[in-house]
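Everything below concerns the one structure shown next.
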Amino acid sequence: MKHVICLALALCITAAIPTGVSQQGASSPFVSMMIDISGSLHPTENQSTVERDNIKNMYNALTKERIPSTMFLTQDVSASQLALYLTQLGLYGDIEFGISGNSSDEKLSTMPYSKQLAILEGSKKYASAAHVCGKNEKPITGFKPQSFDQNEDTYRALDTMGIRYDAGFQAGILYAPGHEKDVWPYPVEGHKFYAVPLSVYFSSGENMPLQDSYFQEHGLDASQWYNALAAKFNETRGNREPLVFGLTTSVSGSGDYLAALKKFISYAKSENATFANATALVDMAQSGSYASGEAPVKAPSTGCSTCDQKKSSETSNTTLTIFVSMNNTTNSK
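Residue 157 in this note's numbering sits at position 81 of the sequence shown, and the numbers go up by one each step.
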């Protein structure tokens, strides 16, 4: 028997079609945030509270400024009670979901193709359920491997699944052959997807990927993290490069790292930055629109064969009832 959790929400929803881009001036620099959602499949009550609070804190920091983002979910996250919470959040903000395998300590490169494919297909199945039919359908088209660990078998699996982009690359550090200097998304030769490289900051003779967990693991504090983001932002805005950086809810969801994120958002907005999710970056790279500074306005497909309700551009008050069963299917009535 399925155990069902029911939560009625009174929501005021603006149903304008999201574009994944916070439009600014034609010459404004581009910023894209890739967020790894930290969570456990069977957390304790205290762990569950901390995980949810971290997500909420980061979410509030972004939605307050109407900033689009890309959130990558492991199956442990999307199969847990956090799935219901993420579904609710997706009703308010301009969020797209991507997949990140099965668990946070995963090493895909140690597995054969068949096992990688099974893991990624399972991850996509669960993540695809985090929506309310007819309201916030979010097709899963992106992938970011845990610890940037992947191999050619991973690429084959992504091709088989029709994944559009892979965010498991770092500019000048981890790149497809012939793309060492590429900072915008680029098509991976011999495959069907685009690579989305994370930005890299050069300091003290070392290239450092702009990922909050990397800075924390290497003993760098939040002020150094902020300084790196601000310096890279200033470096990229004059040459039409995007600033693409990674966040982890367990790192930037509280304390000094959260304060650093808010400070950077405030600074970037004061400099008229255009914030874009990963799909929008790929759209820009594919169309070449970034060269002219024109961000594409593209309505995403629903990705839901049963959801053909027409979205209104007007604001309406809607009461939704969300059901999440033990097999993680989600729908609304």
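Just so it is clear, CB atoms sit at the ideal spot from N, CA and C, and this is done for glycine as well.
Check: First and last residue of the beta strand (DSSP E) that includes residue 189?
Finding: No beta strand (DSSP E) contains residue 189, which is instead part of the alpha helix (DSSP H) from 189-204.
Notebook entry, point to check: Measuring CB to CB, does residue 277 end up less than 8 Å from residue 306?
Noted result: no
Checklist line | Buried or exposed (CB count within 10 angstroms, at least 16 for buried), residue 112 | finding: buried
Note to self: At 4 residues or longer, what runs of the alpha helix (DSSP H) sit wholly inside the segment 271-304?
What the structure shows: The qualifying runs are 288-293.
Note to self: Report the start-end ranges of each alpha helix (DSSP H) in the segment 212-254 that is 4 residues or longer and not cut off at the edges.
What the structure shows: 228-237
Check: Looking at C-alpha atoms only, which residue of 129, 122, 142 is the closest neighbour of residue 97?
Finding: 142
Check: Taking just the CA atoms, how far does residue 163 sit from residue 209?
Finding: Their Cα atoms are separated by approximately 11 Å.
Check: For residue 149, which three-state DSSP category applies?
Finding: If DSSP states are grouped into helix, strand and coil, residue 149 belongs with the strands.
Next item on the list: Could you please give the first and the last residue of the uninterrupted alpha helix (DSSP H) stretch that includes residue 131?
Entry: 121-139
Checklist line | Supposed contact pair residue 352 and residue 218 - C-beta distance, whole angstroms, cut 8 Å | finding: About 13 Å separates the two Cβ atoms, so there is no contact after all.
Check: Under a CB-based cut-off of 8 Å, is residue 293 close to chain B?
Finding: Although the question refers to chain B, the structure presented lacks it and comprises just one protein chain.
Notebook entry, point to check: According to DSSP, what are the bridge partners of residue 262?
Noted result: Its beta-bridge partners are 271.
Notebook entry, point to check: Could you check where the alpha helix (DSSP H) with residue 68 kicks off and where it finishes?
Noted result: Because the chain here runs from 77 to 409, residue 68 falls outside it and cannot be looked at.
Next item on the list: Go through its chain and collect everything with a Cβ distance to residue 421's Cβ below 6 Å, but skip five positions before and after it.
Entry: The chain is shown only over 77 to 409; residue 421 falls outside these bounds and no answer can be derived.
Item checked: Boundaries of the alpha helix (DSSP H) in which residue 326 is found, first to last residue -> 325-328
Next item on the list: Under 6 Å Cβ to Cβ from residue 231, same chain only, skipping five residues before and after it: list those, please.
Entry: 267
Next item on the list: Please say whether residue 237 and residue 197 have beta carbons closer to each other than 8 Å?
Entry: yes
Notebook entry, point to check: Taking C-alpha atoms, which residue in 226, 233, 285, 177 lies nearest to residue 185?
Noted result: Comparing Cα-Cα distances from residue 185 to each of 226, 233, 285, 177, the minimum goes to 226.
Notebook entry, point to check: Alpha carbon to alpha carbon, what distance is there between residue 297 and residue 332?
Noted result: 8 Å
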